[in-house]
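Below is one structure, written out as structure tokens; the observations come after it.
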Amino acid sequence: MVELLANDSSIPDIGAEDVLIGEAAIRLGAKAAATTRLCWNDSRFPSPENDLVTSHWCSPERLRTIDAGFQESPPLRLFVKHPHWQDELVFFENGLFRRSSTSCSGRYIAESENRVVLQWFTWKPELLISEGDEHRVEPLGGKGVPPANKETNAGPAGHNPDTPFNGDNHIVQRVLELKAVFDIHDALETGTCLGETSRWLADNFRRCFTVEVNPETLCQAIRKGTRPNIAFHCANSPEVLRSLAPLISGTSFVYLDAHWNDYWPLLDELQALRLLATPPVIAIHDFKVPNEAALGYDSYRGVDLDFACVASSMDEIYGANNYRYEFNSAARAGGAMRCIAYFFPKQQQQPAE
Ligand SMILES: C[S@@+](CC[C@H](N)C(=O)[O-])C[C@H]1O[C@@H](n2cnc3c(N)ncnc32)[C@H](O)[C@@H]1O
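Heads up, the sequence shown is in this note's numbering, so the first residue is 867 and it goes up one at a time.
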């Protein structure tokens, strides 16, 4: 049957693959039989401990959890006590974990030696505390930040309790304009810090992926508040951008703001962005704007973060002469009064300033 299906050129290349293959198999002589080994959604999924063949509608992260279950041997297994259940948690090296007896899974971040933040894909984050051989899961604590009121968050004059972009509402407004012009759904941020900008991105885009290298800082960000559509990553930013590239289709918004440490990841981040299928809109914070002494910018070991520093990377991402860029100005800056540069693909219609 597999050979018959493989040789059947009438099966469309794209579409609902389960329906297409199922119908073709029956047309080619297969007999339909009910089985519990095929799961129509991701409520159960294949693992070395069960005989499931496949499950459907899995997010890319869920697929990675399933794959890790077959690749890593032996993963770390801890028996944990939760206020509502007791179960084994299985931890994989790629930062994902799952419960043994259900398909509940998520991403973990080690806050310290005996405290691990569990960022469940479908539940609120929780804290795993280890004391000797005892492991218990507790609520994470922290106040949480409610989703932003987009009305008050969107304009330069609006009061903004969550201060994305270091309190600069001009950036808020420009990002929303670029989002509309380029029809952007996904936002990527490097340098999560306390998550102020991440939460705003999640409230205003379909998905937000953010990466922070410091686990304690990232756990503070999660305590301050999460959104179901934020994926927090704890790692070095270029690595995460490389791993996310296959998950992003269409134009994305990329906010590059990872710095403060000895290693300055910016040029490696730009290299990673070459892997995106569609060139993104890029905003680089703390960028040196010519003739704007009132605005702050970054320098690393005597190298200013300016156009000369990123020009060849931009040529590689967009193609030479195939992109446009713009800067803010002191008259159009607020909050921490930092410079920012925006880069975007050349279009027939340019975004209005
Ligand atoms: C200026 S803060 C980010 C502010 C945040 N984007 C916001 O708008 O609220 C810079 C952050 O980048 C993080 N960072 C530094 N190097 C990094 C790297 N290589 N990968 C990921 N994060 C990094 C720092 O730990 C710090 O939390």
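No residue lacks a Cβ here, since even glycine has one placed at the ideal position from N, Cα and C.
When only Cα atoms are considered, Ala1174 and Asp1152 end up about 15 Å apart.
Fully enclosed beta strand (DSSP E) runs of no fewer than 3 residues occupy 1052 to 1056, 1073 to 1078, 1096 to 1100 of the stretch 1044 to 1102, in order along the chain. In the three-state scheme derived from DSSP, where H, G and I count as helix and E and B as strand, His948 is classed as coil.
Ala900 is classed as exposed because its beta carbon has fewer than 16 other beta carbons within 10 Å across all chains shown. For Asp1123, the shortest separation between its Cβ and any heavy atom of ligand 1 lies below 8 Å. The closest CA to that of Val919, considering only Asn907, Glu889, Glu1192, is found on Asn907. Excluding its 5 nearest sequence neighbours in each direction, Val946 has C-beta neighbours in its own chain below 6 Å: Leu955, His1001, Val1003, listed in chain order. Distances from the CA of His948 to each of Glu889, Thr931, Ile1150, Leu984 were compared; the closest alpha carbon is that of Leu984. Here the distance from the Cβ of Cys1205 to the nearest heavy atom of ligand 1 is not below 8 Å. Within the chosen limit of 8 Å, ligand 1 does not reach the beta carbon of His948 with any heavy atom.
In this structure, the straight-line span from the alpha carbon of Ile932 to that of Pro914 is close to 10 Å. By the Cβ criterion, the stretch 1198 to 1205 is in contact with the stretch 1155 to 1174, since at least three pairs of Cβ atoms, one from each stretch, lie closer than 8 Å. Following the DSSP letters along the chain, one finds Gly935 inside the alpha helix (DSSP H) bounded by residues 926 to 937.
Nearest to Ala1196 by alpha-carbon distance, out of Asn1157, Ala1177, Lys1212, is Asn1157. Remark: the shortest separation between the CB of Thr902 and any heavy atom of ligand 1 does not fall under 8 Å.
Contact between the stretch 889 to 903 and the stretch 1059 to 1073 is absent: fewer than 3 CB-CB pairs across the two stretches fall below 8 Å.
When the five nearest sequence neighbours on each side are left out, the beta carbons in the same chain lying within less than 7 Å of the beta carbon of Arg1108 are those of Ala1138, Leu1141, in order along the chain. At a cut-off of 8 Å, the beta-carbon of Asn1070 does not count as near ligand 1: no heavy atom of the ligand is closer than that. Here the stretch 1078 to 1098 lies against the stretch 969 to 984, with 3 or more beta-carbon pairs under 8 Å apart. Membership of Leu886 in the alpha helix (DSSP H) is indicated by the continuous run 883 to 893.
In the three-state DSSP reduction, Arg964 falls in the strand class (E or B).
Here Phe911 carries a coil assignment [DSSP, helix/strand/coil]. His950 counts as exposed, since fewer than 16 other C-beta atoms from the protein chains shown sit within 10 angstroms of its C-beta.
With a cutoff of 8 Å, Cys1085 does not count as near ligand 1, since its C-beta is closer than that to no heavy atom of the ligand. With fewer than 16 other beta carbons inside 10 angstroms of its own, Thr902 counts as exposed. With a threshold of 16 other beta carbon atoms within 10 Å, Leu929 falls short and is exposed. Rounded to the nearest whole angstrom, the CA to CA distance from Pro941 to Phe958 is 5 Å. Non-local C-beta neighbours of Cys924 in its own chain, meaning closer than 6 Å and more than five positions away in sequence, comprise Asp908, ordered along the chain.
Annotated as proximal: Thr1063 and Pro1030, with beta-carbon spacing under 9 Å. In this structure, His1051 sits away from Phe1075, with a CB-CB distance that is not shorter than 9 Å.
Bounds of any alpha helix (DSSP H) do not take in Ile995; it lies within the beta strand (DSSP E) bounded by 992 to 997.
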